[in-house]
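S.K.: Pasting a structure below so you can have a look.
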Amino acid sequence: MNMLQDYDVTDDFEAEEAKIQLDKAHLAELWALADESDIDGYRAMAKEELVGAIWHRHQRLVGALEREGVLDVLPDGFGFLRGKNYNSTPQDVYVSQQLIKQFRLRRGDWITGEIKEQKATDKFPALAKIYTVNQANPQEMLHRPRFENLTPLFPEERLRLETEANAGRQQGMTARVIDLVAPIGKGQR
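And the structure:
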């Protein structure tokens, strides 16, 4: 695994770089890596399949088969675990519609789980097991209320920004305009 030792495959950017290096490698180098990794039948595999097998063996060795991220649920019902910045990347993890329904997952949930070994035909790694939802036991999250169904507490006490101390100054004018256009009060929302 000499080629992959220089990369931290738990970091999205470095994992992408490592994958690119594997894709660029010659077949002889890949065979040497596969032999080193004890992958059976590697000489009969297509290059793409061999790269996938080496990649997953390395991820398993470094414990990278556990992933976490923010859930983005698509209109079709399935979703993806997005990494930093919520951007789509090749390292996104597919979350099946069944898992989303089973654990009543919602868009924006922070999920930690185990991914399945990726087959050569898979575009994305898939989530197999969920360990935590929003850093809590998934069973605890099954009965959480929906925000839309909660009773709002409307503001009852108004906060005045304009005071007698700043009444004639520029600060007083700004505070007065805010009080007139967008009054602020204590409450929820």
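Numbering-wise, my numbering comes out as the position in the sequence shown, counting from 1, plus 77.
Where is the CB? At the ideal position from N, CA and C, for every residue including glycine.
Keep in mind it's a predicted model, so treat the numbers as computed, not measured.
1. Go through the segment 134-217 residue by residue and report every complete run of the alpha helix (DSSP H) that reaches 4 residues or more, in order.
2. If you run the structure through DSSP and keep just helix, strand and coil, what is Arg253?
3. In whole angstroms, what separates the C-alpha of Glu113 from that of Ile188?
4. Does the contact criterion of 3 or more C-beta pairs under 8 Å hold for the segment 194-204 versus the segment 217-228?
5. Starting from the Cα of Thr240, find the closest Cα among Arg184, Arg144, Thr251 and give me that residue.
6. Using DSSP with H/G/I as helix, E/B as strand and the rest coil, what is Glu94?
7. Relative to the C-alpha of His103, which candidate in Met218, Ala123, Asp115, Asp117 has its C-alpha closest?
8. What does the alpha-carbon distance come out to for the pair Ile131 and Asp100?
9. Judging by CA-CA distance, which residue of Leu236, Leu151, Leu182 is the nearest neighbour of Val210?
10. Taking the alpha carbon of Glu233 as the point to measure from, which residue in Phe157, Lys263, Pro167, Arg120 has its own alpha carbon closest?
11. Got a sec, what are the start and stop residues for the beta strand (DSSP E) Glu113 sits in?
12. Taking DSSP's pairing of strands, which residues face Leu236 in a bridge?
13. Nearest-angstrom Cα distance between Arg253 and Ala242?
14. For Leu158, count neighbouring Cβ atoms within 10 angstroms of its own Cβ and tell me buried if that reaches 16, exposed if not.
15. Exposed or buried, Ala259, counting other C-beta atoms within 10 Å across all chains shown (16 or more means buried)?
16. Check whether the Cβ atoms of Leu142 and Glu191 sit closer than 8 Å, and answer yes or no.
M.R.: From the atom records:
1. 174-179
2. Looking up residue 253 in the sequence shown gives position 176. Helix.
3. Numbered from its first residue, the sequence shown carries residue 113 at position 36. Numbered from its first residue, the sequence shown carries residue 188 at position 111. Their backbone Cα atoms lie some 34 Å apart in a straight line.
4. no
5. Along the sequence shown, one-based indexing puts residue 240 at 163. Comparing Cα positions, the closest option is Thr251.
6. Counted from its first residue, the sequence shown places residue 94 at position 17. Three-state DSSP puts Glu94 in a helix.
7. To locate residue 103, count along the sequence shown from 1; it is residue 26. His103 has its Cα closest to that of Ala123, out of Met218, Ala123, Asp115, Asp117.
8. Position 54 of the sequence shown, counted from the first residue, corresponds to residue 131. Position 23 of the sequence shown, counted from the first residue, corresponds to residue 100. So the two alpha carbons sit approximately 11 Å from each other.
9. Indexing the sequence shown from 1 puts residue 210 at position 133. When each option's Cα is compared against that of Val210, the closest is Leu182.
10. Here the question's residue 233 lines up with position 156 in the sequence shown. Comparing Cα-Cα distances from Glu233 to each of Phe157, Lys263, Pro167, Arg120, the minimum goes to Lys263.
11. On the sequence shown, position 36 is the one that residue 113 refers to. Glu113 -> not in any beta strand (DSSP E); alpha helix (DSSP H) instead, spanning 104-113.
12. Translated into the one-based positions of the sequence shown, residue 236 becomes position 159. Residue pairing by DSSP places Leu236 opposite Ile261 in a beta bridge.
13. Against the sequence shown, residue 253 aligns to sequence position 176. Against the sequence shown, residue 242 aligns to sequence position 165. Roughly 12 Å between the two C-alpha positions.
14. Within the sequence shown, the letter at position 81 stands for residue 158. Burial call: buried.
15. Locating residue 259 in the sequence shown gives position 182, where the first residue counts as 1. It is exposed - the Cβ of Ala259 has fewer than 16 other Cβ atoms within 10 Å.
16. As a working mapping, residue 142 is identified with position 65 in the sequence shown. As a working mapping, residue 191 is identified with position 114 in the sequence shown. Cβ atoms of Leu142 and Glu191: closer than 8 Å.
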